[in-house]
Amino acid sequence: MMKIFITLLVLTLAAFQTQAQFLKKLKQKAEQAVNKTINQPTENKTSGPTENSPAPAASEDAKPADTKAATGTPDLKVYSKFDFVPGKKIVYFDNFAQDNIGETPNGWVTSSMAELVKLDGLEGNWLKMNARGSVQLTRNKVQSWGNNFTVEFDLLLVDNGQSHDYWLMLLNTGSNIVTDEKNLNLTGAHCISFWNKTGNGGKDCRTGLYRDENTASSGKKLSEAFSDNLPYSNTVPVHISMCVQGKRFRMWWNTRKLYDMSAVDEAYLPNQLGFGFHVNDVSDYYISNIRVAKEVPDTRAEFAQGKLISNLLFYTGTANLKPESMGAILDVSKVIKDATSPVKIVGHTDSDGDDASNLKLSQQRAEAVKDILMKEYGIGESKLTTEGRGETQPVAGNNSAEGKAQNRRVEFIFNAAADKYEKPAGVVATSGNTAKEPAKTPAAKSTGSTAAGINGLRLQSKILNVSLPYAQIMKEDNGYALVASKEEGNSKENFLKIHFKPVGENLKTDSYYFDEVNKKKPMYGTKKYPAVTKTEALLFYGSAQKPYIKAFSPYITEGHMSKFVDAGLGRHLPAPSENCKLVIEKIADGKASGYFVMGNSIEGLKPVKIGDAEQETFTDGFAGEMKGTFTDIPVY
41 MMKIFITLLV
51 LTLAAFQTQA
61 QFLKKLKQKA
71 EQAVNKTINQ
81 PTENKTSGPT
91 ENSPAPAASE
101 DAKPADTKAA
111 TGTPDLKVYS
121 KFDFVPGKKI
131 VYFDNFAQDN
141 IGETPNGWVT
151 SSMAELVKLD
161 GLEGNWLKMN
171 ARGSVQLTRN
181 KVQSWGNNFT
191 VEFDLLLVDN
201 GQSHDYWLML
211 LNTGSNIVTD
221 EKNLNLTGAH
231 CISFWNKTGN
241 GGKDCRTGLY
251 RDENTASSGK
261 KLSEAFSDNL
271 PYSNTVPVHI
281 SMCVQGKRFR
291 MWWNTRKLYD
301 MSAVDEAYLP
311 NQLGFGFHVN
321 DVSDYYISNI
331 RVAKEVPDTR
341 AEFAQGKLIS
351 NLLFYTGTAN
361 LKPESMGAIL
371 DVSKVIKDAT
381 SPVKIVGHTD
391 SDGDDASNLK
401 LSQQRAEAVK
411 DILMKEYGIG
421 ESKLTTEGRG
431 ETQPVAGNNS
441 AEGKAQNRRV
451 EFIFNAAADK
461 YEKPAGVVAT
471 SGNTAKEPAK
481 TPAAKSTGST
491 AAGINGLRLQ
501 SKILNVSLPY
511 AQIMKEDNGY
521 ALVASKEEGN
531 SKENFLKIHF
541 KPVGENLKTD
551 SYYFDEVNKK
561 KPMYGTKKYP
571 AVTKTEALLF
581 YGSAQKPYIK
591 AFSPYITEGH
601 MSKFVDAGLG
611 RHLPAPSENC
621 KLVIEKIADG
631 KASGYFVMGN
641 SIEGLKPVKI
651 GDAEQETFTD
661 GFAGEMKGTF
671 TDIPVY
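In this note's numbering, the protein residues as written are 41 to 676.
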């Protein structure tokens, strides 16, 4: 089914370019009678800007002036058995707060169109995804989420007289960098795909869970249900939660757990979130508040260490907890009951807004968590104390959406000795009226030096000496690829890929030669040798965009290609060098070290036309030797 869907997409993407439009008024107020108004959010009453009010650098909770507060929040008691616990280290966060209304958010990869809009009755900015035969991928730049992560987002389904027909996908991009447009071709993406065809408010429903194994079949069907009731409303978003821990995959539709099963191929861990839509789907789809977080907490272990950090979500400008955070509250309530001494609940904010307002809000949120623990879980007041520390103890930089989201947190202190703040390297701690953290220099303007804390790849040659800090070895269908880039997630410039294949399926410490070198070895053709199968690059080595290194080769030589071509267009290249190879020297703890030596293939030289009866123009050539060294880069 997955590949049939993909085939239909490919055939129809060009034909369906529908114009996205604003949803002017939400016509239905269904569910308001059902949804109680307990903890209904209100405007922040404090004077001056706060973490949660409009500011030049908007936070998760930044509230647009022309947007109403959401109403009809569900009774928290409904969520009392909800057991989703988000990861504690946020690696990707997106609520489109800093994007322009009416435009596609910068960095999203889409086969059709996506447009940012505001919706009456809902907070913040929402991305309307064109739903006719399209594929939409987020602008996440993190190449690996590991094998222990969570994904959350709010999805508003608005039907236009026809059933929804869509896919929610956790993809593995293989050797492609996650922002590469090649990822729109989903065939062989080894993805976990949730398919939903539903209408009539979710009463008419068919769902399926699939894993694409890149076989001749349409993917492995893991589960299918023909009458699974998944309620939705044209006015109230559905909160989707997913958790991957090794092979285990869990998914929730609001509070209802849909799956808890072994579904993930651990050789192809997801690293990108995607959305796909049937070619005949005319419904409207809106998404916001995307959050991907690593390291699902082991609450018992952190309790024993004396400190637990939780990224709870609150409504804009208030101390009202969002219902999807109740799983984390439930989880921590279990260990608080076992605590023999008082537990301190500490609220923190990001640096947006003034210090006094942030301090007040952090205290209010700590008090709100205390109230829930007392009222919903029966924990005595004498066992709980609270404190607000505002923006004074950041655990990440406040110069990115992910950093701000990480700083908006609640900590539970079980042991006073564990209540220590150590400022991470590169993070600015603020206190009182201290100046806010300076704006981050765009990654594209990097000088090329290896980023702090990141093990990268160092290139050395006569024409280019540079560090590519974002380096990794990634598994692909026919082997592995060494991938490195100057800017995380950038596959358009200043990057390289070296594809190689070990003997057998597993990565090994070995020397990998080009096929031109392997052909010289005894028994070539009857015996398999570790091999470099392909290389590609786009590395600038001057102020101009041309010439540039376009690949690596087994030929260590110099000169325009015309130097090696005769009038009959025959090529007379030098003998391949046995020095040209990729060497994996060490593999330990999921990291690899080694080096490579290869010839530089360059592009963008002065055109030279060669040939007699038949002619060809050459703009490429060679530029000597390139050496690359890498230490402890991750293997995915």
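Note that the Cβ used here is the ideal one computed from N, Cα and C, for glycine as well.
Nearest CA to the CA of Gly664: which residue from Tyr635, Ser633, Arg429, Gln500? Taking Gly664 as reference, the option from Tyr635, Ser633, Arg429, Gln500 with the minimal CA-CA separation is Gln500.
Do Lys444 and Asp390 come within 7 Å of each other at the CB atom, strictly closer than that value? For Asp390 and Lys444, yes; Cβs fall inside 7 Å.
My understanding is that His388 touches Arg448, with C-beta atoms under 8 Å, so please give their C-beta distance in whole angstroms. Confirmed, Cβ separation roughly 7 Å.
Residues near Thr86 in its chain [Cβ-Cβ closer than 7 Å; skip 5 each side]: With a pLDDT of 35 at Thr86, under the threshold of 50, the predicted position of this residue should be treated as unreliable, though the coordinate-derived value follows. These residues qualify, in order along the chain: Ser397, Lys400.
Taking only the alpha-carbon atoms, compute the straight-line gap between Ser281 and Phe124 and give it to the nearest angstrom. Approximately 7 Å, taken between the alpha carbons.
Can you list, in chain order, the residues of its chain whose CB lies under 8 Å from that of Asp139, leaving out five sequence neighbours each side? Counting only Cβ-Cβ distances below 8 Å, and skipping sequence neighbours, we find Pro145, Asn146, Leu156, Asn165.
Excluding the five sequence neighbours on either side, which residues of its own chain have a C-beta within less than 8 Å of the C-beta of Tyr676, listed in chain order? Gln183, Ser184, Leu309, Asn311, Gln512, Ile513, Met514, Lys515.
Going along the chain, which residues of its own chain have a beta-carbon closer than 6 Å to the beta-carbon of Lys667, five neighbours each way excluded? The beta carbon of Lys667 sits closer than 6 Å to the beta carbons of Gln500, Val637 from its chain, once the five residues preceding and following it are set aside; these are given in chain order.
Where Phe343 falls: helix, strand or coil (DSSP): The answer is helix: DSSP assigns Phe343 an H, G or I state.
Locate the alpha helix (DSSP H) running through Gly393, then write down its first and last residues. Where Gly393 is concerned, there is no enclosing alpha helix (DSSP H), given that its DSSP letter is neither H nor E.
Candidates Glu427, Trp148, Gly127, Lys128, of which the one nearest Asn135 by Cα: Proximity to Asn135 across Glu427, Trp148, Gly127, Lys128 peaks at Trp148, based on C-alpha coordinates.
Tyr206 versus Asp324 - alpha carbon distance: Separation of Tyr206 and Asp324 (C-alpha to C-alpha, rounded to the nearest whole angstrom) is 11 Å.
Under 7 Å between C-beta atoms of Arg251 and Lys237: No, the pair does not count as a contact, with Cβ atoms beyond the cut-off.
Using the C-alpha atoms, what's the distance from Val435 back to Met414? Our two residues, Met414 and Val435, have alpha carbons roughly 28 Å apart in a direct line.
Over the uninterrupted beta strand (DSSP E) stretch that includes Gln285, give me the two end residues. That run of the beta strand (DSSP E) goes 278 to 285.
With distance defined between alpha-carbon atoms, name the residue in Leu645, Lys568, Ile627, Asp629 nearest to Lys603. Ranking Leu645, Lys568, Ile627, Asp629 by Cα distance to Lys603 puts Leu645 first.
Please list the segments of the beta strand (DSSP E) lying wholly inside the stretch 547 to 620, counting only runs of 3 or more residues, in order along the chain. Here the runs fully enclosed are 550 to 554, 571 to 580, 588 to 593, 598 to 600.
In its own chain, which residues sit with a C-beta less than 6 Å from the C-beta of Asp459, not counting the 5 before and 5 after it? For Asp459, where only same-chain residues beyond five positions count, the Cβ hits under 6 Å are Ile453.
Residue nearest to Leu424 in terms of C-alpha spacing, selected from Tyr417, Gln285, Lys410, Gln433: Taking only the C-alpha atoms, the option nearest Leu424 is Lys410.
Based on DSSP bridge pairs, tell me the residues matched to Ala333. Ala333 pairs with Ile130, Thr190.
Considering only residues of the same chain and omitting the five flanking positions on each side of Pro614, which have a CB-CB separation below 6 Å? So the list reads Tyr595, Thr597, once near-sequence residues are dropped.
Tell me Ile538's beta-bridge partners as DSSP assigns them. Partner(s): Leu522, Thr575.
Among Ile624, Ser203, Gly418, Tyr461, whose alpha-carbon lies nearest the alpha-carbon of Ala171? Selected option, being the one with the closest Cα: Ser203.
8 Å contact criterion, which Gly367 and Phe122 should meet: CB distance rounded: With a Cβ gap of about 4 Å, Gly367 and Phe122 count as contacting.
The alpha helix (DSSP H) with Ala441 in it runs from where to where? Where Ala441 is concerned, the enclosing alpha helix (DSSP H) stretches over 441 to 447.
In three-state DSSP terms, what is Ser151? Coil at Ser151, not helix or strand.
Nearest CA to the CA of Ala521: which residue from Val276, Asn530, Lys537, Glu527? Out of Val276, Asn530, Lys537, Glu527, Lys537 has the C-alpha closest to the C-alpha of Ala521.
Could you please give me the residues that DSSP links to Trp292 through a beta bridge? BP columns for Trp292 point to Ser281, Lys297.
Here's the rule: buried if 16 or more other CB atoms are within 10 angstroms of the residue's CB, otherwise exposed. What is Gln446? So Gln446 counts as buried.
How big is the Cα-Cα spacing for Lys222 and Asn216? Distance between the alpha carbons of Lys222 and Asn216: 7 Å.
Give a yes or no on whether the C-beta atoms belonging to Tyr581 and Leu504 are separated by under 7 Å. Tyr581 is a Cβ neighbour of Leu504, given a cutoff of 7 Å.
Is there contact between the stretch 186 to 203 and the stretch 344 to 351, where contact requires at least three CB pairs shorter than 8 Å? As far as the Cβ criterion goes, the stretch 186 to 203 does not touch the stretch 344 to 351, which means the pair count is below three.
Run the CB neighbour count on Met563, radius 10 Å, all protein chains shown included, and call it buried at 16 or more, exposed below. The Cβ neighbour count for Met563, taken over all protein chains shown within 10 Å, is under 16; the residue is labelled exposed.
Collapsed DSSP secondary structure at Tyr417 in the structure displayed: Residue state, collapsed to three classes: helix.
For Lys243, the three-state DSSP class (helix, strand or coil): The three-state secondary structure of Lys243, taken from DSSP, is coil.
Apply the 10 Å Cβ neighbour rule to Phe193 and answer buried if 16 or more other Cβ atoms are within range, or exposed otherwise. Only buried fits Phe193, as 16 or more other CB atoms lie within 10 angstroms of its CB.
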